[in-house]
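Protein chains in written order, with this note's numbering: chain A, 171 to 556; chain B, 171 to 556. Built from N, CA and C at the ideal position, the CB exists for glycine as well. These notes concern the structure reproduced below.
Number of protein chains: 2
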Amino acid sequence: MNNFQFYNPVHIEFGKGQISKLSKLVPANAKILMTYGGGSIKRNGVYDQVKEALSGHTLIEFSGIEPNPKYETLMKAVEIIRNEKIDFLLAVGGGSVIDGTKFISAAVNYEGDPWQILAHRDVSGIKDPLPIGAVLTLPATGSEMNGNSVVTKAETKEKLAFGTPAVMPKFSILDPEVIYSLPKKQISNGIIDAFIHVLEQYLTYPVNSPIQDRFAESILATLVEEGPKVYAEPTNYDAAANFMWAATMALNGLIGVGVPQDWSTHMIGHELTAFHGIDHGRTLAIVLPGVMRVKQENKREKLLQYGERIWNITEGTFEERLELIIAKTEAFFHSLETPTRLSDYEVPASTIDKICDRFEQRRITAFGEQGDTDIQQLRMILEDRL
Amino acid sequence: MNNFQFYNPVHIEFGKGQISKLSKLVPANAKILMTYGGGSIKRNGVYDQVKEALSGHTLIEFSGIEPNPKYETLMKAVEIIRNEKIDFLLAVGGGSVIDGTKFISAAVNYEGDPWQILAHRDVSGIKDPLPIGAVLTLPATGSEMNGNSVVTKAETKEKLAFGTPAVMPKFSILDPEVIYSLPKKQISNGIIDAFIHVLEQYLTYPVNSPIQDRFAESILATLVEEGPKVYAEPTNYDAAANFMWAATMALNGLIGVGVPQDWSTHMIGHELTAFHGIDHGRTLAIVLPGVMRVKQENKREKLLQYGERIWNITEGTFEERLELIIAKTEAFFHSLETPTRLSDYEVPASTIDKICDRFEQRRITAFGEQGDTDIQQLRMILEDRL
């Protein structure tokens with residue numbers, strides 16, 4: 171395996187009834203900005219639990235962080251923080267709220283235009299980020315236990331990412347019961363998002379890393395087993411808990427240490443969200459099979475390993491096995507009522523040109539784990555998905 | 171699964187040549203006490219690498235920390251720290267050196283007799299523990315990424331443990347090349363120690379925790395595959411690296427979250443070390459088969475799961491399978507030239523009485539994951555191993 175660093179100081183509180191621990195986790199005397207989304211936390215009782223746990227604390231609310239959180243929205247929170255002398259951020263939501271709160275944390279004391287954090291991934295310019303705590307309401311992105319953030323500029327339809335340990339939450343509360351009231355589509359999106367997070371760190375080429383490989387396969391197998399259970403019955407506590415913990419493990423850095431990674435499916439998927447507003451998890455389900463097919467030579471050994479260990483595909487020529495692997499993977503997404511073709515989402519072929527143009531404009535013309543995916547192959551990946 | 175907390179802020183630097191990073195990891199202007207053991211680090215070059223990386227820092231050496239570090243020795247270091255105003259501890263060694271350094275860290279500013287930290291597991295009395303960094307020279311105990319410590323009082327032959335996040339290393343450097351020059355016996359001990367750390371967190375009863383179970387099996391399978399390779403050829407970098415990472419993952423808290431644990435094999439093994447000076451890893455290899463046999467009813471489902479997933483034992487009555495599982499496990503230890511019976515180490519039957527007496531004196535009369543292992547069963551476990 172390759173040399174690596176690992177550092178993940180996020181304190182996790184996992185289980186039923188753990189939101190009440192907020193009172194001990196938030197620093198005494200903190201002036202808190204509580205960030206959240208569209209109000210689902212008011213319907214599922216999480217809002218009340220948070221407010222009860224923090225009664226006695228000074229708490230200001232900032233709601234309205236969108237799915238695919240918008241730079242423009244987040245900058246309004248930055249303004250409030252500067253005016254109100256906020257010193258602690260409590261993100262109550264899914265990946266979008268936590269990602270957005272990380273950007274808020276980073277932007278508050280950034281010298282210059284905070285858009286540079288995203289446009290130029292300028293994390294070295296982040297000064298004194300505000301500490302963050304999180305109450306996760308939607309397992310999917312792993313944002314509760316990492317330093318990654320993805321933000322969209324509405325004005326230009328750009329969806330960009332940054333990452334730094336400086337914005338990792340100090341703590342995250344993971345209560346699986348939040349899943350009970352989630353819309354089905356959010357559950358399927360979360361399962362698929364976590365599944366593909368694992369594959370982006372696994373489906374590359376072998377570097378003799380059995381711990382990382384077996385851990386990755388552990389998460390994939392758990393999502394294949396538990397995903398359909400929690401999708402069918404969101405109040406199944408055990409299935410909800412196993413899905414929630416799997417999603418956190420999928421992107422907390424652990425399975426990615428010392429191994430090559432390929433974030434192509436995410437990069438391409440982000441553009442489908444930016445141009446057409448398709449849910450993040452669904453964009454990944456669309457793009458992944460194309461990446462598997464077009465990058466089959468680079469990924470040959472790990473594709474076979476994935477097929478054997480997750481789908482029990484052990485016979486046939488490579489071509490036969492590859493098609494079976496893709497079919498099984500798509501069938502898994504379909505079992506979660508998630509279509510996997512651009513036409514299913516009424517995306518026209520002309521979007522392919524737009525995405526290729528955008529990659530060229532940003533000079534992302536050689537990506538993937540080997541750095542050899544070019545615009546021609548990007549086009550092939552997307553044409554495969556029409 | 172059960173509710174849990176997880177918090178592991180240890181910064182890991184893993185790989186070839188990483189010891190040179192010490193200069194960036196140790197705080198500038200720190201006055202360092204470098205703790206180590208009997209001098210093997212002078213023969214394998216680690217001592218020189220550490221000194222070179224820290225040239226320019228104020229560094230005092232404290233050598234002579236024994237395998238099964240002695241309270242009496244460690245208290246000498248505490249005296250030096252108080253006199254010399256040391257403010258950073260750098261442990262360079264295996265589990266014994268790191269464990270010992272954790273106790274030193276905890277004892278320095280403890281009010282009262284530091285033996286209470288061990289005798290009464292008084293971690294709440296630990297004030298301002300000194301920060302610790304570690305350079306691991308022997309993969310085995312996982313001490314490099316946890317807050318656990320085991321210390322022996324020579325005077326009374328008591329081997330006792332304490333644990334708290336307050337003494338987790340700030341960083342640990344894991345360079346697999348340190349394995350190249352290890353005595354074979356230390357490698358086999360390390361493999362077995364890590365293997366049984368996993369089993370203590372796994373071989374209990376099911377609580378529907380597929381992530382924890384699959385991760386545990388990942389580590390077991392990796393040790394079974396990579397252990398004999400690194401034992402046969404310690405300079406095989408990949409095997410050394412995989413063994414090293416497996417041993418760290420075996421006891422950094424991750425696989426033990428939300429599941430029952432049973433530290434019986436360790437508790438009993440510690441007495442064999444205390445009375446007869448048998449290496450820690452070897453005591454575990456002796457005791458484990460007895461625990462499996464005597465506690466077979468409590469552990470029935472997980473024993474079968476372990477047999478199926480690690481040893482591919484899928485047929486026969488439970489009794490037949492159990493004996494095959496124990497035989498395979500012992501054969502693995504034997505393949506590492508580690509005998510598994512008390513008689514192999516010339517331990518007389520009279521030691522069984524002594525151990526039973528000691529458990530009674532300490533009122534450890536109901537232990538194991540169900541709290542139902544009593545002195546009678548303790549005796550049966552040990553008699554099984556004669």
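Delimiting residues of the alpha helix (DSSP H) encompassing residue i
i	result
Val-400 of chain B	380-402
Lys-465 of chain A	Here Lys-465 of chain A belongs to no alpha helix (DSSP H), and DSSP marks it neither H nor E.
Leu-203 of chain A	Premise fails: Leu-203 of chain A lies in the beta strand (DSSP E), 201-205, not in any alpha helix (DSSP H).
Val-368 of chain B	354-372
Ile-251 of chain B	241-254
Ser-342 of chain A	Segment 341-344 is the beta strand (DSSP E) holding Ser-342 of chain A; no alpha helix (DSSP H) there.
Phe-445 of chain A	434-446
Gln-411 of chain B	Looking at the sequence provided, one finds Ala at residue 411 of chain B rather than Gln. 407-420 is the extent of the alpha helix (DSSP H) around Ala-411 of chain B.
Ile-545 of chain A	545-554
Ile-287 of chain A	285-289
Gln-540 of chain A	Where Gln-540 of chain A is concerned, there is no enclosing alpha helix (DSSP H), given that its DSSP letter is neither H nor E.
Val-377 of chain A	Premise fails: Val-377 of chain A is in no alpha helix (DSSP H) and is neither H nor E.
Gln-188 of chain B	Gln-188 of chain B -> no alpha helix (DSSP H), and no H or E assigned at all.
Ala-223 of chain B	216-223
Ser-210 of chain B	210-213
Residue i burial status per 10 Å Cβ neighbour count (16 or more: buried)
i	result
Val-461 of chain B	buried
Phe-529 of chain A	buried
Pro-518 of chain B	exposed
Glu-500 of chain A	buried
Asn-178 of chain A	buried
Leu-556 of chain A	exposed
Glu-281 of chain A	exposed
Ala-386 of chain A	buried
Pro-346 of chain A	buried
Lys-255 of chain A	exposed
Ala-536 of chain B	exposed
Ser-388 of chain B	buried
Asp-269 of chain B	buried
Val-196 of chain B	buried
Three-state secondary structure (DSSP) of residue i
i	result
Ala-331 of chain A	strand
Tyr-177 of chain A	strand
Val-278 of chain B	helix
Leu-259 of chain B	strand
Leu-506 of chain B	coil
Glu-530 of chain B	helix
Thr-521 of chain A	helix
Glu-490 of chain B	helix
Glu-485 of chain B	coil
Ile-425 of chain A	coil
Ile-296 of chain A	coil
Glu-516 of chain B	coil
Glu-183 of chain A	strand
Thr-326 of chain A	coil
Thr-535 of chain B	coil
Val-267 of chain A	helix
Glu-314 of chain A	helix
N-terminal and C-terminal residue of the beta strand (DSSP E) that residue i is part of
i	result
Lys-323 of chain A	318-323
Ala-304 of chain B	302-306
Leu-229 of chain A	228-232
Contact test: residue i Cβ vs the ligand NAD heavy atom, cutoff 7 Å
i	result
Leu-442 of chain B	This structure lacks the ligand NAD; in fact it carries no ligand of any kind.
Cross-chain neighbours of residue i in chain D, by beta carbon under 9 Å
i	result
Asn-359 of chain A	In the structure shown, chain D does not exist; the protein chains are A and B.
Meets three-Cβ-pair contact criterion under 8 Å: the segment 390-410 of chain A and the segment 340-350 of chain A: Contact annotation: the segment 390-410 of chain A touches the segment 340-350 of chain A, with at least three C-beta pairs closer than 8 Å.
Proximal residues, the segment 178-189 of chain B versus chain A, C-beta separation under 9 Å: Residues of the segment 178-189 of chain B with a Cβ closer than 9 Å to any Cβ of chain A, in chain order: Asn-178, Pro-179, Val-180, His-181, Ile-182, Glu-183, Phe-184, Gly-185, Lys-186, Gly-187, Gln-188.
Residues of the segment 215-247 of chain A with Cβ closer than 7 Å to any Cβ of chain B, in chain order: Correct list: empty, as no residue qualifies.
Residues from the segment 386-415 of chain B in contact with chain A, defined by Cβ distance under 8 Å: Correct list: Glu-387, Ser-388, Ile-389, Ala-391, Thr-392, Glu-395, Glu-396, Asp-408, Ala-411, Asn-412, Trp-415.
Cβ-based contacts, 9 Å cut-off: residues of the segment 421-452 of chain B near chain A: Only Leu-424, Val-427, Gly-428 from the segment 421-452 of chain B bring a Cβ to less than 9 Å from some Cβ of chain A.
Members of the segment 243-276 of chain A near chain B, C-beta cut-off 7 Å: Listed in chain order, the positions of the segment 243-276 of chain A with a beta carbon within less than 7 Å of a beta carbon of chain B would be empty, since no residue qualifies.
Touch test, the segment 303-310 of chain A against the segment 406-420 of chain A, Cβ-Cβ under 8 Å, three pairs minimum: By the Cβ test, the segment 303-310 of chain A is in contact with the segment 406-420 of chain A, since at least three Cβ pairs between them sit closer than 8 Å.
Meets three-Cβ-pair contact criterion under 8 Å: the segment 180-189 of chain A and the segment 227-243 of chain A: Of all C-beta pairs linking the segment 180-189 of chain A to the segment 227-243 of chain A, fewer than three are shorter than 8 Å, placing the two stretches out of contact.
Meets three-Cβ-pair contact criterion under 8 Å: the segment 427-436 of chain B and the segment 477-488 of chain B: The segment 427-436 of chain B is not in contact with the segment 477-488 of chain B.
Validate contact between the segment 279-299 of chain B and the segment 333-341 of chain B using beta carbons, cut 8 Å, 3 pairs: Judged by Cβ distances under 8 Å, the segment 279-299 of chain B makes contact with the segment 333-341 of chain B, as three or more pairs qualify.
The segment 206-218 of chain B contacting the segment 191-201 of chain A, beta-carbon criterion three pairs below 8 Å: Touching, no, given that fewer than three Cβ pairs across the two stretches are closer than 8 Å.
Interface positions of the segment 523-537 of chain A facing chain B (Cβ-Cβ less than 9 Å), listed along the chain: Correct list: empty, as no residue qualifies.
Positions along the segment 471-488 of chain B whose CB lies within less than 9 Å of some CB in chain A: Flagged: no residues at all.
The segment 444-456 of chain B touching the segment 509-524 of chain B, judged by at least three CB pairs closer than 8 Å: Yes, the segment 444-456 of chain B is in contact with the segment 509-524 of chain B.
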